[in-house]
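Sequential numbering of the sequence shown, starting at 1, is according to the UniProt record's numbering.
Quick reminder that beta carbons are idealized off the backbone N, C-alpha and C, glycines included.
Have a look at the structure below, then the notes.
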Amino acid sequence: MGFLFSKHLSKVVVISKSWCIYCKRARKVLSAYPLEVDVMEWIDINKRSDGKEILDYIEQITGSRRVPRIFIGGEFFGGCDEICAAKKDGVLEHKFSAIGIIRKIENN
């Protein structure tokens with residue numbers, strides 16, 4: 001399962017369930033940032049045959065099976081509460097800038 005994250009070191013990977021209100025909230029927070037194309041990877045475990053295995057792996061590396069589980073730049077960042085707090089504190093934008101995924105807005 002490590003392959004899920006090893007190829008995404010410069011991405012944001014979110015393990016989610018489509019019906020989860022916390023996953024929807026996290027999506028809203030994350031979509032507020034002008035990120036580069038193809039840096040967000042949403043893995044909806046309800047739509048995958050290996051969803052249980054993914055949750056088992058997530059529990060091993062994060063200590064919880066709760067979703068969303070959010071990874072930024074290949075590292076576990078947290079869940080919905082952590083991503084909301086990080087946005088409020090400005091930490092999230094700094095993290096995105098540090099890994100170079102905020103899209104540059106060109107002024108014409």
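query	result
Helix, strand or coil at Val12 according to DSSP, with G and I counted as helix	strand
Neighbourhood of Val29 by C-beta distance below 7 Å, restricted to the same chain and skipping five residues each side	Ile83, Cys84 and Lys87
Selection from Asp81, Lys95, Val12 and Ile99 that minimises the alpha carbon distance to Asp38	Val12
Proximity winner among Asp81, Thr62 and Val67, relative to Gly74 (alpha-carbon distances)	Thr62
Host alpha helix (DSSP H) of Glu59 (start-end)	Gly51 to Thr62
Whole-Å CB distance - Ser16 paired with Ile54, under 8 Å assumed	Contact doesn't hold; Cβ gap of about 11 Å is too wide.
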